[in-house]
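Residue numbers (the numbering used here): 58 to 419.
Down below is the structure, laid out as structure tokens.
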């Protein structure tokens, strides 16, 4: 009996528990690595979105003058080009821009964008597409054929492969039910929606769906319309923010929606936008993502003689600037992926050739 009591007493005195979860590691203690992605023959290798099923199975999508339909893959050790077209996947060899990527799992993820159609009889034009990776091949025609008059697809989100949403040019939103895509039954009731684009969609099967519709206005900044999908299927506009750029939407584990904006982060509370952090003047916060309201990241850029990338961590109480020891001049951040022990920040450099920068913290 005495032999059992001694270890138990030690545990009590040190405040330890065999059943405690220490929680995620503090990002200030991460080890950071910077990767550069580019094609030597291209003036621009611009990845715009990043997603992965795990830290050692990451994908970045975007565009490049050297290759159509560009993807890169990270296996935990290095990044390598991952062509979107391949004979074993159905030979998708087309001139493409990949605008977004969203995944359900390792063998079930989706990309959206537009294809450039060359025509001898009429002017060249774009047509939007949605493609799904199904573990062995890419499904193409079974998705894109339902998207009528959709020139560009930007936003994608979903709760499962049988409940996917996409948004894009013309203020259009489509929903996939596992068999076909249907245009949203009720048009977004915004007068200038025809000239705008649905840039981000935040979907959560337990909560309300949200979307951002951006509208360019003459001689002014972009107006961001924040939309909510109600239980009766209608999209309505909640209180929108003036001149807040093209930030993203992020659902927290508590079902709250956060948005990135100029010089601040926003949280919807009782359908009002509440500022939860102030940033330096001339700072543009472009993306927010994390694992909980007490552990998330905000990335963007600040103009100080040049455009410099910035990354912040929020612990539920205060913001901490990260990467302040790195030279992040002439670059800006565009996307974030994170889990309990890792974070990936994707950005682009300015000038020519333009390259993709991915900063990994672990």
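No residue lacks a Cβ here, since even glycine has one placed at the ideal position from N, Cα and C.
All figures in this text were calculated on a predicted structure; none of them were measured in a lab.
Can you pull the DSSP bridge partners for residue i?
i           : result
residue 93  : 414
residue 219 : Bridge partners of residue 219: none, in fact.
residue 127 : 119
residue 353 : 347, 371
residue 359 : 340, 365
residue 213 : 223
residue 139 : BP columns for residue 139 are empty, so no partner.
residue 132 : Residue 132 is not bridged to any residue.
residue 257 : 269
residue 165 : 162
From the DSSP output, in three-state form, read off residue i for me.
i           : result
residue 114 : strand
residue 232 : strand
residue 397 : coil
residue 85  : helix
residue 200 : helix
residue 419 : coil
residue 227 : coil
residue 294 : strand
residue 392 : strand
residue 185 : strand
residue 194 : coil
residue 265 : coil
residue 241 : coil
residue 144 : Model confidence at residue 144 stands at a pLDDT of 43, short of 50, so the residue's coordinates are unreliable and nothing is read from them.
residue 384 : coil
residue 98  : coil
residue 153 : strand
residue 409 : coil
Check whether the Cβ atoms of residue i and residue j lie closer than 8 Å to each other.
i           : j           : result
residue 318 : residue 295 : no
residue 416 : residue 405 : no
residue 368 : residue 390 : yes
residue 424 : residue 204 : The structure shown has nothing for residue 424, since the chain only spans 58 to 419.
residue 216 : residue 260 : yes
residue 210 : residue 172 : no
residue 266 : residue 286 : yes
residue 394 : residue 327 : no
residue 192 : residue 164 : yes
residue 418 : residue 400 : yes
residue 354 : residue 370 : yes
Please report the Cβ distance between residue i and residue j, rounded to the nearest whole angstrom; I am assuming they are in contact, meaning their Cβ atoms lie under 8 Å.
i           : j           : result
residue 212 : residue 224 : 4 Å
residue 222 : residue 258 : 5 Å
residue 412 : residue 94  : 7 Å
residue 139 : residue 116 : 7 Å
residue 187 : residue 118 : Not quite, the Cβ-Cβ distance comes to about 13 Å (not below 8 Å), so this is no contact.
Every unbroken beta strand (DSSP E) inside the stretch 315 to 349 [3 residues or more] | 321 to 326, 329 to 335, 340 to 349
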